[in-house]
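Below is one structure, written out as structure tokens; the observations come after it.
Numbering (full-length UniProt numbering), first residue to last: 1 to 94.
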């Protein structure tokens with residue numbers, strides 16, 4: 001039995017490479033008192049990737065063929081709940 005345990009312990013181990021990913025929360029905002037029309041949580045590499053995803057979602061929410069209330073703004077919050085990015089419909093051309 002001891003030689004069996006020794007053979008098992010000598011097996012090569014695989015290293016698992018984990019990428020550093022962060023969780024961001026994207027909110028599409030409307031005009032109502034509770035302005036959040038939709039919320040999405042994403043796990044991405046960095047804030048730039050979260051901003052890109054937020055802008056794509058915002059463009060889709062402002063599409064003319066979409067039914068319902070038009071989106072007024074989008075914001076990105078980090079995992080701690082701090083707002084790290086905001087864009088309104090008035091900032092689109094900037």
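Where a beta carbon is used, it is the ideal one built from N, C-alpha and C, also for glycine.
Because the structure is a prediction, the values reported are computed rather than measured.
- Message: Contact defined as beta carbons within less than 8 Å: I believe residue 29 pairs with residue 73. What is the distance between those atoms, to the nearest angstrom?
- Response: Numbered from its first residue, the chain shown carries residue 29 at position 29. Numbered from its first residue, the chain shown carries residue 73 at position 73. Yes, they are in contact, since the Cβ atoms of residue 29 and residue 73 sit about 4 Å apart, within 8 Å.
field: Buried or exposed (CB count within 10 angstroms, at least 16 for buried), residue 27
entry: One-based indexing of the chain shown puts residue 27 at position 27. Buried, by the Cβ-count rule.
**Asked** Is it buried or exposed for residue 80, if we count other Cβ within 10 angstroms and need 16 for buried?
**Response** Within the chain shown, the letter at position 80 stands for residue 80. When all chains shown are included, residue 80 counts as exposed.
Pick helix, strand or coil for residue 69, following the three-state DSSP scheme.
Sequence index remark: in the chain shown, residue 69 carries index 69 (1-based). Residue 69 falls in the coil class under three-state DSSP.
Give the DSSP-derived three-state secondary structure of residue 50 in the structure shown.
As a first step, residue 50 must be located in the chain shown, where it is residue number 50. DSSP places residue 50 in helix when its eight states are reduced to three.
- Message: Considering only the alpha carbon of each residue, which of 32, 38 and 44 lies closest to residue 75?
- Response: In the chain shown, counting from the first residue as 1, residue 75 sits at position 75. Residue 75 has its Cα closest to that of 38, out of 32, 38 and 44.
- Query: When DSSP labels each residue in this structure, what does residue 31 get in the three-state scheme?
  - Reply: Reading the chain shown from its first residue, position 31 is the one you call residue 31. Three-state result, residue 31: coil.
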